[in-house]
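J.: Numbering-wise, my numbering puts 292 at position 312 of the first sequence, and it's gapless, one number per residue. Just so it is clear, CB atoms sit at the ideal spot from N, CA and C, and this is done for glycine as well.
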Amino acid sequence: MVVTRFAPSPTGYLHIGGLRTALFSYLWAKENGGKFVLRIEDTDKARNSEEATEAILKAFDWLGLEHDGEITYQSQRDDIYAKYIKQLLDEGKAYKCYMSKEELTELRETQMANKERTKYNGKYRDFDGTPPEGIQPVIRIKAPQTGEIIVKDGVKGDVVFQAEDILDDFVIARGDGAPTYNFVVAIDDHLMGINQVIRGDDHLSNTPKQMVVYEALGFPLPKFNHVPMIHNAAGKKLSKRDGATDVMAYKEMGYTPAALLNFLVRLGWSHGDQEIFSMDEMIHLFNPVDINKSASIYNTDKLDWLNAHYIKNSSNDELAQLLTEYGLVLTSHDKREILLDTLKERAKTLKELASLVNEVLSTPHEYDAKSVKKAFKDGAIEILNNFGKKIDACEELHLPVDYHAVMEGLATEMEIGFGKIGQPLRVALLGKLSGPGLDEVMAIIGKEETMLRIANAITANL
RNA sequence: GGCCCCGUCGUCUAGCGGUUAGGAUCCAUGGUUUUCAUCCAUGUCACAGGAGUUCAAUUCUCCUCGGGGUCACCA
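#1: By Cβ distance, which residues of its chain are closer than 7 Å to Lys282, with the 5 residues on each side in sequence left out?
#2: Give the range of the alpha helix (DSSP H) segment to which Gln301 is assigned.
#3: Terminal residues of the continuous beta strand (DSSP E) containing Val118?
#4: Are there three or more Cβ pairs, one per stretch, closer than 8 Å when the stretch 40 to 53 is compared with the stretch 76 to 85?
#5: Judging by CA-CA distance, which residue of Leu405, Ala435 and Ala229 is the nearest neighbour of Gly417?
#6: Please go through the same chain and pick out, in chain order, the residues whose beta-carbon is closer than 6 Å to the beta-carbon of Lys412, but skip the five residues on each side of it.
#7: In its own chain, which residues sit with a C-beta less than 8 Å from the C-beta of Lys292, not counting the 5 before and 5 after it?
#8: Need the endpoints of the beta strand (DSSP E) that Val140 sits in, please.
#9: Hey, quick one: how far does the alpha helix (DSSP H) through Arg105 stretch, first residue to last?
#10: To the nearest angstrom, report how far apart Glu362 and Ala437 are at their CA atoms.
#11: Measure how close the beta-carbons of Val118 and Val151 come, nearest whole angstrom, since I'm counting them as under 8 Å.
#12: By the DSSP assignment, the alpha helix (DSSP H) with Lys427 in it spans what residues?
#13: Leaving out the 5 sequence neighbours to the left and right, which residues in its chain are closer than 8 Å to Ser219 when beta-carbon positions are compared?
#14: Are the CB atoms of Asn205 and Asp138 within a distance shorter than 8 Å?
#15: Does the stretch 27 to 39 touch the stretch -11 to -4, meaning 3 or more C-beta pairs lie closer than 8 Å?
#16: Kindly identify the DSSP beta-bridge partner or partners of Trp249.
#17: Measuring alpha carbon to alpha carbon, tell me which of Val207, Met431, Lys38 and Gly402 ends up nearest Ala373.
#18: Throw me the rounded Cβ distance for the His47 and Phe16 pair, which I believe falls under 8 Å.
#19: Hey, Asp169 and Arg(-15) are a contact pair by Cβ (cut 8 Å); roughly how many whole angstroms apart?
#20: Taking the beta carbon of Pro112 as the centre, do at least 16 other beta carbons fall within 10 Å, making it buried, or is it exposed?
#21: Report the rounded CA-to-CA distance for Tyr104 versus Lys73, giving the unit in angstroms.
#22: Tell whether a beta-carbon distance below 8 Å holds between Asn28 and Val(-18).
#23: Decide if the stretch 375 to 388 is in contact with the stretch 419 to 434; the criterion is three or more beta carbon pairs, one per stretch, under 8 Å apart.
#24: List the DSSP bridge partners of Phe204.
#25: Just the Cα atoms here: how many angstroms apart are Thr126 and Phe141?
#26: Pick helix, strand or coil for Glu71, following the three-state DSSP scheme.
#27: Report the start-end ranges of each alpha helix (DSSP H) in the stretch 313 to 376 that is 4 residues or longer and not cut off at the edges.
#28: Report yes if the C-beta distance between Lys354 and Gln403 is below 8 Å; otherwise report no.
#29: Hey, would you say the C-beta of Gly397 is under 7 Å away from at least one heavy atom of the ligand NAD?
#30: Terminal residues of the continuous beta strand (DSSP E) containing Thr(-16)?
#31: The beta strand (DSSP E) with Phe199 in it runs from where to where?
#32: Distance, Cα to Cα, Gly307 vs Asp253?
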């Protein structure tokens, strides 16, 4: 059974990059009937906040990504880590290092001056003398000093590191006893049963260190899959400064979960020429071996297109439900179907759709000057007048076709083109020349409101 | 700087030795629409560069260049 995880440190909101790796992990677990678990890496007390954890959970909730089982909090697992530290100490696989911070700094400076790689020199590796006074020792793990470390990565292939290039006896527990990241990650991933690690490739160079821990503890290695970064337009790592990268901001902007997820799954992953993926398809088609090796640039053009696509192809029930989040309650509107059918073709976002609905539903109180100038030429008022009377005379006006028939009748009677009626009528009804079909608008707002808007326009003396 | 990763249209990508290098998006044009949007059609645009290997390289190898990541008692 595949068990994947998402392991954010709660220092901020969930952003696009994190969401994508979470999505990949989720999909891969679901495809295999496995589990997708959540671990909050909250060991850095100074930078963590509970709000951040809640924000992440909220985002998952919005997107419908459910994690399996209880959430693991690293801050509650000190006992576990302490146990393994002791074990490694007892087995002689780790040791106490009494080097002072000053000495360590000095060592590094010397190495830098000599253009050498900065690394711990192993001074206390085999120390059995009397430890210096007044130093709280750190615990260092005995890492291999030579040989190859090969990360068999599911995305990148075999990545070969030389121990002497990258390793030293790194710290697994600080002077105050607190364990370090690379140590706890290995322990938690193993204890949580995670056998498929999917994470950003900024972790690739951490992996050998974690492998040292796995090795020392005798844990079997999981499958690593390092997915490439998402870069901003400038080609740099996506940061919070690159606009609205908080996932919940996309909700505010009117994006649907389906569109956002579809957009993200195609960033760094593809399945032939397919662009549109339902959640079911994503789950069945996704496989980490198909993840790209190269970083991609974050560009929302396609997200907009996808969002429009999903809005157009949503049922009106779904849309009405989604629109309640944008302050629009349509359940009671008797022309809801016509309203949404005609407007959902025209909106790129739910927010836009909501404002489109409001525009149609509210009586215009001002008229766009350019539109007025263009539409109100000779005879426009007369045409509006006649149209208003014709509407008034009609008993049965319900559907767009009913209103269309009225327009057609007037055009024939007055021997004028359709546009002669449409232009001024459009301004009267909507306040401007662009917008949805007039037949639909009138059917939606009804006979009374139509007549009111026509009368208003005539009175306004345009 | 050391180590590691990456390099196909502006962007997301297909390609896995022989293709007119495909799709999507964006942009432009035309059609549909009384308008706008949608929709449909068409078009512009790419293998970073150089050496090899090969009958044949976008595809394999090496080098160069370019971009990114990482080098903590942060995660």
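T.: In brief:
#1: Phe243
#2: Asn296 to Leu303
#3: Val118 to Ile121
#4: no
#5: Leu405
#6: Asp348 and Ser351
#7: Lys324 and Glu325
#8: Gly137 to Gln142
#9: From DSSP, Arg105 is part of no alpha helix (DSSP H); its letter is neither H nor E.
#10: 12 Å
#11: 5 Å
#12: Leu418 to Thr439
#13: Asn212 and Thr225
#14: no
#15: yes
#16: Ile271
#17: Met431
#18: 6 Å
#19: 7 Å
#20: exposed
#21: 13 Å
#22: no
#23: yes
#24: Asp133 and Val177
#25: 10 Å
#26: coil
#27: 316 to 323, 330 to 341, 349 to 355 and 360 to 373
#28: yes
#29: The model on display carries no ligand, and the ligand NAD is accordingly not part of it.
#30: Val(-17) to Phe(-14)
#31: Note, Phe199: premise wrong, no beta strand (DSSP E); not H, not E.
#32: 37 Å
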